[in-house]
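Below: the structure, in structure tokens.
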Amino acid sequence: MILVTGGAGYIGSHTCIELLAAGYEIAVLDDYSNSRPEAVKRVQEIAGKTFPVYEGDVRDEALLDKIFKAHDISCIIHFAGLKAVGESVSIPVEYYDNNLNSSLALCKAMKKHNTTRLIFSSSATVYKDGNPMPLDEESDTGCTNPYGWTKYMSEQIFTDAAKANEGWTIALLRYFNPIGAHASGKIGEDPKGIPNNLMPFITQTAIGKIDKLQVFGDDYDTPDGTGVRDYIHVVDLAKGHVAAVAFCEAQSGVHAINLGTGNGTSVLEMVQAFEKVTGVSVPRQIVARRPGDIATCYASCAKAERLLGWKAEKTLEDMVKDSWFWQNSNPNGYEE
Ligand code: NAD
Ligand code: WQD
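Count along the sequence shown starting at 1, add 154, and that's the number in the numbering used here.
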């Protein structure tokens, strides 16, 4: 059985569906600090399968003990964590506490219960600014905010633990910019409060919840002056995890792997793609750069293709179409 921490969240919920479709048995552990039980319910509906769900904190070692005793956990996919860059600057201690202590608790549980495989949600944010593009896994690392450091330090924790425990296999999956939603329109990204990322801002502007999209700077050294990122469809990302589970069954050691598409898209290109696919206009205004943003970030995905036999397949049109379908079908997210 695979233990999915943070399985009620945005990427976790989509991954649960793909794992179930591939025939894996799963259990979910989530404290619903940034998600809702409704997401898990909908995963079960889409998959036509049920699975054990534990409400609680990954840092709760007694709860981990209970879960590992109740099930034969062969692999962990560790999504749970706090993820808002700006918030991490305001409440760094909470970020270090949650994100690092959950990584440590899982290492202890693995050792105690002889689980040898773990897949960790890392991020392109571990790469230092100033690397040549595309970023490959050998690019220089280093962070500029507490959230990024929690990913960097968790990678180090898992790497050292794997060195000390023979037979452990760790995949450090460095995601680029996940967007999109399940094609059913039943699950998707449901940010609590004001969104942090571009796509929820676009869809919430399009639906009229936000007056105008603020485009953070048009004076970057990019073709149209706006920031360029590697957006990846969340279902492709979810399938990357299924490929990583199989990879970890066959390999040992620690492997950092980028999951992106390899394509860069600017903010204005994204808005134009959205308007073209949906026919809905997105009022916008150019404002100052957002502190901490970089001009361009996109991945080399050659290692994922080589090691996992995985490649993103969905187009930018699929990403905007599915994001819009989710937003439109659930104007208030999972909240009724
Ligand atoms: P999300 O907030 O939707 O999902 C995280 C889930 O973990 C939530 O359901 C939350 O309730 C749960 N959680 C948080 N702390 C917990 C704890 N201590 N115990 C139990 N559950 C806890 O976020 P997401 O976008 O699905 O991201 C999943 C992972 O991927 C995170 O680790 C995030 O840092 C990483 N990541 C996300 C992105 C992105 O842009 N979405 C990019 C790179 C990496
Ligand atoms: C994308 C582009 C913005 C909002 C963040 C984290 C990163 C990873 C993914 C977790 C940039 C521009 C955005 C808006 C805008 N998360 N933008 N107006 O900053 O690349 O990455 O999420 O690991 O760590 O930093 O993503 O979606 O916030 O921004 O113009 O209202 O859209 O300036 O160029 P980012 P994003």
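Here a beta-carbon is modelled for each residue, glycine too, at the ideal position from N, C-alpha and C.
Continuous beta strand (DSSP E) stretch holding residue i: start and end
i: Pro332; result: Asn331 to Ile333
i: Arg460; result: Premise fails: Arg460 lies in the alpha helix (DSSP H), Ala456 to Leu462, not in any beta strand (DSSP E).
i: Arg438; result: Arg438 to Val441
i: Asp251; result: Per DSSP, Asp251 belongs to no beta strand (DSSP E); it is in the alpha helix (DSSP H), Pro246 to His267.
i: Thr159; result: Ile156 to Thr159
i: Ala466; result: Segment: none, Ala466 is in no beta strand (DSSP E) and carries neither H nor E.
i: Ile341; result: Neither: Ile341 is in no beta strand (DSSP E) and is coded neither H nor E.
i: Tyr186; result: Premise fails: Tyr186 is in no beta strand (DSSP E) and is neither H nor E.
i: Cys229; result: Cys229 to His232
i: Glu209; result: Val207 to Glu209
Cβ neighbour criterion (16 or more within 10 Å) applied to residue i
i: Arg444; result: exposed
i: Arg111; result: Nothing in the structure corresponds to residue 111, since the chain is present only between 155 and 490.
i: Ile148; result: Since the first residue shown for the chain is 155 and the last is 490, residue 148 is missing from the structure and cannot be characterised.
i: Val382; result: buried
i: Lys305; result: buried
i: Ile348; result: exposed
i: Asp226; result: exposed
i: Val441; result: exposed
i: Pro437; result: exposed
i: Glu471; result: exposed
i: Asp184; result: buried
i: Gly235; result: buried
i: Asp390; result: buried
i: Asp373; result: exposed
i: Asp283; result: exposed
i: Asn268; result: exposed
i: Asp476; result: buried
i: Asn486; result: exposed
i: Ala453; result: buried
i: Gln481; result: buried
i: Ala216; result: exposed
i: Asn331; result: buried
i: Thr96; result: As displayed, the chain neither begins before 155 nor continues past 490, which places residue 96 out of reach and without an answer.
i: Ala162; result: buried
i: Glu309; result: buried
i: Trp256; result: For clarity, residue 256 is Ser in the given sequence; the question names Trp instead. When all chains shown are included, Ser256 counts as buried.
i: Lys262; result: exposed
i: Lys393; result: buried
Residue i, enclosing alpha helix (DSSP H) - first and last residue
i: Leu217; result: Glu215 to Ala224
i: Leu497; result: Coverage of the chain is limited to positions 155 through 490, which leaves residue 497 absent and any answer about it impossible.
i: Leu352; result: Leu352 to Ala360
i: Ser483; result: Leu470 to Ser483
i: Ser274; result: Note that residue 274 corresponds to Phe in the displayed sequence, not to Ser. Careful: Phe274 lies outside any alpha helix (DSSP H), inside the beta strand (DSSP E) at Arg271 to Ser277.
i: Thr304; result: Pro300 to Ala318
i: Val197; result: Pro191 to Ala201
message: With three or more C-beta pairs closer than 8 angstroms as the rule, is the stretch 354-372 touching the stretch 395-414?
response: Touching, no.
field: Cβ contact (3+ pairs, closer than 8 angstroms) linking the stretch 291-299 and the stretch 426-436
entry: These segments do not touch.
message: So within the stretch 366-435, which uninterrupted beta strand (DSSP E) runs reach at least 3 residues, ignoring any that extend past its ends?
response: Qualifying beta strand (DSSP E) stretches, in chain order: 367-370, 385-387 and 407-413.
message: Whether or not the stretch 335-353 and the stretch 161-175 are in contact is what I'm after, with contact meaning three or more pairs of Cβ atoms, one per stretch, closer than 8 angstroms; do they touch?
response: Touching, yes.
task: Report all residues for which the CB-ligand distance to some heavy atom of ligand 2 is below 7 angstroms; order them along the chain.
output: Residues flagged by the Cβ proximity filter: Lys237, Val239, Ser277, Ala278, Thr279, Tyr301, Gly302, Lys305, Tyr329, Asn331, Asn350, Asn351, Leu352, Met353, Phe355, Leu367, Gln368, Val369, Phe370, Gly371, Thr380, Gly381, Arg383, Val421, Arg444, Asp447 and Cys451.
query: Is the number of C-beta pairs between the stretch 216-225 and the stretch 272-283 that are closer than 8 angstroms three or more?
result: Segments in contact, no.
- prompt: Just checking, does the stretch 392-399 make contact with the stretch 323-330 on the three C-beta pairs under 8 angstroms criterion?
  reply: Three or more pairs of CB atoms, one per stretch, sit closer than 8 angstroms, so the stretch 392-399 contacts the stretch 323-330.
query: Should the stretch 249-266 be regarded as contacting the stretch 178-186, the criterion being three or more beta carbon pairs within less than 8 angstroms?
result: No, the stretch 249-266 does not touch the stretch 178-186.
query: Is the stretch 362-380 touching the stretch 189-196 in the sense that three or more CB pairs, one from each, lie closer than 8 angstroms?
result: Look at the beta carbons and you see the stretch 189-196 not touching the stretch 362-380: under three pairs across the two are nearer than 8 angstroms.
query: Are there three or more Cβ pairs, one per stretch, closer than 8 angstroms when the stretch 454-461 is compared with the stretch 300-316?
result: No, they do not touch.
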